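S.K.:
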Amino acid sequence: MKCPFCGHETSQVVETRLSDDDTSIRRRRRCGGCGRRFTTYERAELAMPMVVKSDGRRVEFDARKLRESITVALRKRPVKTQDVDDALARIAIDLRASGAREVESRRIGEAVMRELRQLDQVAFIRYGSVYRSVGDLDAFKRLIEQAAGKDGNGRG
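Following the UniProt record's numbering, the numbering of the sequence shown begins with 1 at its first residue and continues without gaps.
Below, the structure written as structure tokens:
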């Protein structure tokens, strides 16, 4: 570990502890050059899979873009920011837990649909009408029935 004070390449770990939130390791180090102490934190990096778009392009997962699309669907709806954050976290956990290096954008879209169905029916219909490219009244009616729980899957 490079010393932040003098740039020396060698340091000695003098103390190691689990962080207060149990998500990282805190290490106190002493520089082998100048002798000063400094603290480092280690945290596991859980990379998100690449997203395979419908046209075959591969792009990095963009949590901001996902939040934006959900926020647009929820515009002027009575849903708390914390509920949106929780939904986004569940989607991210699901993607990481899959262990896949790549995931089709369709899978992410379906995960958003599941979350929005629980959060707000109107947002579910807004998002679904764009995501599923609803082009006629019959398809729109099926989407509304799905939001109401009458989707033919034993629900409703």
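The beta-carbon is built from N, C-alpha and C at its ideal position, and this holds for glycine as well. Keep in mind the model is a prediction, meaning the values are calculated, not measured.
To which residues of the same chain is Asp136 closer than 7 Å at the C-beta, ignoring the five residues directly before and after it?
M.R.: Nothing meets the Cβ criterion.
S.K.: Under the assumption that Val122 contacts Arg77 (Cβ atoms under 8 Å), give the Cβ distance between them as a whole number of angstroms.
M.R.: Indeed they touch by this definition, with Cβ atoms about 6 Å apart.
S.K.: What would DSSP say about Arg27, mapped onto helix, strand or coil?
M.R.: DSSP places Arg27 in strand when its eight states are reduced to three.
S.K.: Considering only their Cβ atoms, is the gap separating Leu74 from Val84 smaller than 8 Å?
M.R.: Yes, Cβ-Cβ distance for Val84 and Leu74 is below 8 Å.
S.K.: So what does Arg17 bridge to, in DSSP terms?
M.R.: Per DSSP, Arg26.
S.K.: Check whether the region 8-19 touches the region 58-67, taking contact to mean three or more Cβ pairs, one atom from each stretch, closer than 8 Å.
M.R.: Short answer: they don't touch.
S.K.: Per the DSSP calculation, Gln12 is bridged to which residue(s)?
M.R.: Answer by DSSP bridge pairing, in chain order: Arg30.
S.K.: Considering just the uninterrupted stretch of the alpha helix (DSSP H) at Glu68, what are its terminal residues?
M.R.: Element bounds for Glu68: 63-73.
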